[in-house]
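Worksheet: one structure, shown below.
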Amino acid sequence: METLKFDLDTKSLREVNQFLHGDASGLNGKSIVIENPNGAHNIAVGLKAELDVTIKGHAGYYAAGMNQIAKVTIEGSAGSGVAENMMSGHVHVKGFASNAAGATANGGLLVIDGDAGLRCAIALKGADIVVGGSVGSFSAFMAQAGNFVILGDAGEGLGDSIYEAKVFVRGKVKSLGADCEEKTMNAEDRQILADLLKKSGYADVSPDSFKQYGSARTLYHFHVDNAGAY
Amino acid sequence: MSDEKSTDTIHKTPQTSPRQSATFDEYTNSEIRRAAATGIYDIRGGGSKRKLPHFDDLLFLGASVSRYPLEGYREKCGTDVVLGTRFAKKPIYLKTPVTIAGMSFGSLSGPTKEALGRGASAVGTSTTTGDGGMTPEERGHSTTLVYQYLPSRYGMNPDDLRKADAIEVVIGQGAKPGGGGMLLGQKITKRVAKMRCLPEGIDQRSACRHPDWTGPDDLEIKIAEIREITDWEKPIYVKIGATRPYFDVALAVKAGADVVVLDGMQGGTAATQEVFIEHVGLPILAAIRPAVQALQDLGMHRKVQLIVSGGIRNGADVAKALALGADAVAIGTAALIALGDNDPHLEKEYRKLGTTAGAYDDWHEGKDPAGITTQDPELMKRVDPIKAGHRLANYITVMTMEAQIVARACGKSHLHNLEPEDLVALTIEASAMAQVPLAGTSWIPGVTKF
Ligand SMILES: Cc1cc2nc3c(=O)[nH]c(=O)nc-3n(C[C@H](O)[C@H](O)[C@H](O)COP(=O)(O)O)c2cc1C
């Protein structure tokens, strides 16, 4: 595989992103290394080719935002909104992730080895997210679809106003948000969880050590009796 | 005999005629009864219905001895506008400053979105998507399409972002600044549900805040992200509801907007609580001057373009908005009326729904007899996208010509040469809000001494 190196100390982010947006036929199968990211925002956003991108250090906001197809590895930590609205592909954060990690992501897999901040998986729309550490408060807020696996603990208000997304937590949940309840894990969900653990490097962790959460579906229709919950 | 009788009447204690309260008027009382019966707030579509200070409270002075006019049909009066000249590699060129505001597929039917695209394209202006994403109908039939980037991110797809001609980051709407959208179960059909990635038939709320940023510094990074993804080609608009226009416009400019869209409280919505529509936000008349002031203070007037909306109905409104400093306007409600919304020929059907033509606003129920604000497959057939698009094109042409008529009368060879100087106000309120003198005086409350 051909490897290309970009140094953000000497090349502008604009040039790097422009290169990464080039014609897919010329980019497919290429390996890209981005050095000295130094927390720059918007690194490797809007990718849409079969690229393997490694960011050698910390990334700022929206790293790998709206990703399609590509694989992006961040060897440090990521700022707010990493892999936000990802459509497909694979984003791996080896350090910690800040707020709103994987916000509104539609597809693909986001793996965060460390902890994630507030509102992780907010408005999730179908992607899979696996967090090796703990997640902050209000995670999975209004999460619509997809699977969200937390190996550590979850903060307050987990899954507030959640729709059809599935949340699996191995540690403690500080509190559940409105309309989120514990579910019994069926065979199908157990399989989803087992597959995700395997894909994200946690094959040795048993799905049985998780509890599952989802929507109680009591807020799906505006109703007088729910007024207190709105 | 008869004399005696009439004397009797005179001596009876006179009755006062029944008097309705101005405070507890008929509508107010009906709302109290409705609330008492249901226990939940009223939801409706449309914008503020009460009388507000508006463009009707302004007049153009026209030319006379001290100014000379342009010849009505002979002398050129330009109407074109370029949007996105600040940063975008591909700014948008429109032949008229009248654009179509963002209205969601979901709130509107597919044929309606197509009609909007056809009508707007025929006269060289833009249409805008809305909550719920971009449909092939509207992309296909709109020469210039603005793609809304909303808090809900329903249907948000980077491929559509790249297909758009401009991107509008929606922070708020005039009808509900600080509020999110609503789409009730009746309108969440299979197609709408799929596009929004939601269960069919649920009552859906759209978020009121963006999920991955808060505050102006974050917005700057978000705008940079969208620019990076679209390789700095497309103009990026920021849409705000009129609340604190001076500060909000200044912050949008600082965050890197190419265009600011400012929507007043008369602006329509697909569905929101009545209390929100009528009690939150400013009428557009009060918002334009502070917005323009912010642009001028930053040296950005005409560099960052300003689009205003909220109750724009005719060419006079367009001309007045431009004279106050806007670069273009957007229309929502008026466009729907041009397509056939609330038309008196459907009166019988409106009556069946307990309303009357012109007053129908239960758009969220999806029963629109005109087939516009509905997802009902039978009702939506009533919109013929070609004919309705033609009506919209006619209407925008008329508005544009009307604005030209006024501009020529003021001696202006382009609509953008209209200025506050050309205007006076009929009321003290309008004078203070628009910062033009009260008619017949040189007084502007808050600016000059009486
Ligand atoms: C049916 C309908 C749907 C709307 N949907 C949206 C929307 O999805 N996003 C948005 O920013 N504004 C939406 N609006 C507001 C319009 O973009 C615009 O601000 C407003 O209609 C302008 O005021 P006017 O209706 O008085 O012309 C909607 C308005 C209507 C009437």
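From first to last, the protein sequence lines stand for chains Y and B. Everything in the first sequence is counted per this note's numbering, starting at 1341 for the first residue and increasing by one. Everything in the second sequence is counted per this note's numbering, starting at 39 for the first residue and increasing by one. Even for Gly, the Cβ is constructed at its ideal location relative to N, Cα and C.
Around Gly1495 (chain Y), no beta-carbon contact reaches into chain B at under 9 angstroms, the shortest distance being about 16 angstroms.
Under the three-state reduction of DSSP, Ser1371 (chain Y) is assigned to strand. Taking a cut-off of 8 angstroms on C-beta distances, the stretch 376-391 of chain B does not touch the stretch 349-359 of chain B, as fewer than three cross pairs fall below it. Beyond the five residues adjoining it in sequence on each side, Leu336 (chain B) comes within less than 7 angstroms, by CB distance, of Ala288 and Val291 in the same chain, given in chain order.
Taking 9 angstroms as the cut-off, the Cβ atoms of Val342 (chain B) and Val297 (chain B) count as close.
At a cut-off of 9 angstroms between C-beta atoms, Ile315 (chain B) does not count as an interface residue with respect to chain Y. DSSP, reduced to helix, strand and coil, places Phe1436 (chain Y) outside both helices and strands of the structure shown, so it counts as coil. Closer than 9 angstroms to the CB of Phe1481 (chain Y) there is at least one CB belonging to chain B. For His1361 (chain Y) against Asp269 (chain B), the beta-carbon gap comes to about 6 angstroms, under 8 angstroms, which counts as contact.
Membership of Ser469 (chain B) in any beta strand (DSSP E) is not indicated; the residue belongs instead to the alpha helix (DSSP H) covering Ile466 to Ala472. At a cut-off of 8 angstroms, the beta-carbon of Gly219 (chain B) counts as near ligand 1: some heavy atom of the ligand is closer than that.
Neighbours of Arg124 (chain B) in chain Y, taken as residues whose beta carbon is under 7 angstroms from its own, are absent, since the nearest beta carbon is some 16 angstroms off.
Listed in chain order, the non-local C-beta contacts of Thr1343 (chain Y) below 7 angstroms within the same chain comprise Ser1371 and Val1373, local neighbours out to five positions each way being set aside.
With respect to the 9 angstroms criterion, Gln186 (chain B) and His402 (chain B) are not classified as neighbours on the basis of their beta carbons.
Identification of chain B residues near Ile1462 (chain Y) by a Cβ-Cβ cut-off of 7 angstroms yields Pro249, ordered along the chain.
Using beta-carbon distances, Val1475 (chain Y) does not count as an interface residue toward chain B, since no partner is under 9 angstroms. Residues Glu175, Glu176, His179 and Pro423 of the same chain have their beta carbon placed closer than 7 angstroms to that of Glu152 (chain B), with the five preceding and five following residues left out of the count. By the rule that beta-carbons nearer than 9 angstroms mark a contact, Met1525 (chain Y) does not touch chain B.
Gly253 (chain B) and Asp1363 (chain Y) have their C-alpha atoms spaced approximately 35 angstroms apart. Short of 6 angstroms from the beta carbon of Gly212 (chain B), and not among the five residues preceding or following it, lie these beta carbons of its own chain, in chain order: Gly279, Ala280, Asp301, Gly302, Met303, Gly305, Gly319 and Gly348. DSSP, read as helix, strand or coil, puts Asp301 (chain B) in strand. Residues of the stretch 1410-1441 of chain Y with a Cβ closer than 8 angstroms to any Cβ of chain B, in chain order: Ser1420, Gly1421, Glu1424, Asn1425, Met1427, Asn1439 and Ala1440. In this structure Glu1375 (chain Y) is in contact with Leu1348 (chain Y), their Cβ atoms being roughly 7 angstroms apart against a cut-off of 8 angstroms.
Rounded to the nearest angstrom, the Cβ distance from Ser1515 (chain Y) to Gly1497 (chain Y) is 6 angstroms, consistent with a contact under 8 angstroms. No Cβ of chain Y is located within less than 9 angstroms of the beta carbon of Ser59 (chain B). Linking Val1433 (chain Y) to Lys127 (chain B) through their CA atoms gives a straight-line distance of about 33 angstroms.
For Gly1472 (chain Y), the closest alpha carbon among the candidates Y:Gly1448, Y:Gly1447 and Y:Phe1508 is that of Y:Phe1508. Asp1535 (chain Y) counts as exposed, since fewer than 16 other C-beta atoms from the protein chains shown sit within 10 angstroms of its C-beta. Here the alpha carbon of Ile1383 (chain Y) sits roughly 18 angstroms from the alpha carbon of Gly1448 (chain Y). Between Lys214 (chain B) and Ile315 (chain B), the C-beta spacing is below 9 angstroms. Under DSSP, Glu1521 (chain Y) forms a beta bridge with Y:Gly1554. Contact annotation for Thr1444 (chain Y) against chain B: Arg191, Met194, Pro249 and Asp250 [CB-CB distance below 8 angstroms, chain order]. Cβ-Cβ distances below 7 angstroms link Val119 (chain B) to Leu132, Pro135, Asp365 and Ala366 in the same chain, with the five nearest sequence neighbours on each side left out; the list follows chain order. In the structure shown, His317 (chain B) adopts helical secondary structure according to DSSP, grouped into three states. Ile1395 (chain Y) sits in a strand when the DSSP states are folded into three classes. Membership of Tyr388 (chain B) in the alpha helix (DSSP H) is indicated by the continuous run Glu385 to Lys390.
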